[in-house]
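Going line by line, the protein sequences match chains A and B. Residues 0 to 66 in numbering that gives the first Met the number 0 are what the first sequence spells out, letter by letter. Residues 0 to 137 in numbering that gives the first Met the number 0 are what the second sequence spells out, letter by letter. Where a beta carbon is used, it is the ideal one built from N, C-alpha and C, also for glycine. Structure record follows, encoded as structure tokens.
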Amino acid sequence: MSQVAVENIIREIAALTEEEREQLETRLAEIDEAKWLEEAVEARRIAGAAGIDQSNIDQVIERLRHQ
Amino acid sequence: MKVFFDTNVYVAEALLGQSATAMIDATISAGWRIFCTDYVLDELERVLTDYRHFSNRFANRSRRHVARRCQLVKAANSRHQVPKDPKDSPILVTAIVAGVDFLVTNDTHLLSMNPYESIRIISMTGYYELLVAQGLLQ
């Protein structure tokens, strides 16, 4: 998408009413959530192949929290 | 009920699904309120990217996924501390500020403080079993 196209969308968003803006935000959140679900399926497949389990997650959090 | 999930729960939801997903979904379905803080959301992103198997985009999207379902609380300066591990203190303090009933974590230092004031500090397994016992999860 070109910079011009992005600017046009931004202008259209700026012209929305409050109600329309809320609808847009809700719709964008739904799209984002659907994308997360898709990506989580793949992430879980990769995690399984890499041997990542709850114990490993707990250890990584413990280590990073103390860096 | 009010619940605060530590980072362990959200990373497990993203990478394992299964019981972590089930307990979060059951909590929401029960009408219980979930509280979170930027400290946990930052840590969630940091842990996911630290694994190097997962993209920054997925880490960032996971942050938004969590934020959509919780009420964000700001950690304040507080006398409350985790003596054995001060790095865990922001988790405890935020849970206190939010006034939660349950702090769900697999952090051993936090778990060793259970109960703390009116907060029950419980492991992921313990919380899962509690939901089952209450008929909120099969």
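Contact belief for residue 15 of chain B with residue 43 of chain A at Cβ below 8 Å, rounded distance in angstroms:
The count along the second sequence starts at 1 and reaches residue 15 of chain B at position 16. The count along the first sequence starts at 1 and reaches residue 43 of chain A at position 44. Their Cβ separation, rounded to whole angstroms, is 6 Å, which keeps residue 15 of chain B and residue 43 of chain A in contact under 8 Å.
Reduced DSSP secondary structure (H/G/I, E/B, other) of residue 73 of chain B
On the second sequence, residue 73 of chain B is found 74 positions in, with the first residue counted as 1. Correct three-state label for residue 73 of chain B: coil.
Enumerate, from N- to C-terminal direction, the unbroken alpha helix (DSSP H) stretches of 4 or more residues contained entirely within the stretch 15–45 of chain B.
17–28
Over the uninterrupted alpha helix (DSSP H) stretch that includes residue 36 of chain A, give me the two end residues.
The residue given as residue 36 of chain A occupies position 37 in the first sequence. Segment 17–48, the alpha helix (DSSP H) holding residue 36 of chain A.
Quick one: grab the DSSP three-state call for residue 119 of chain B.
One-based indexing of the second sequence puts residue 119 of chain B at position 120. Correct three-state label for residue 119 of chain B: strand.
Is any beta-carbon of chain A found at less than 8 Å from that of residue 49 of chain B?
As a first step, residue 49 of chain B must be located in the second sequence, where it is residue number 50. Among the residues facing chain A, residue 49 of chain B is included, as its CB has a counterpart in that chain under 8 Å away.
Since I believe residue 19 of chain B is in contact with residue 123 of chain B (beta carbons under 8 Å), could you give me their beta-carbon distance rounded to a whole number of angstroms?
Within the second sequence, numbered from 1, the residue matching residue 123 of chain B stands at position 124. Within the second sequence, numbered from 1, the residue matching residue 19 of chain B stands at position 20. Confirmed, Cβ separation roughly 7 Å.
Tell me, to the nearest whole angstrom, how far the beta carbon of residue 66 of chain B is from that of residue 93 of chain B; I am working on the premise that it is less than 8 Å.
On the second sequence, residue 66 of chain B is found 67 positions in, with the first residue counted as 1. On the second sequence, residue 93 of chain B is found 94 positions in, with the first residue counted as 1. Residue 66 of chain B to residue 93 of chain B, Cβ: 14 Å. No contact.
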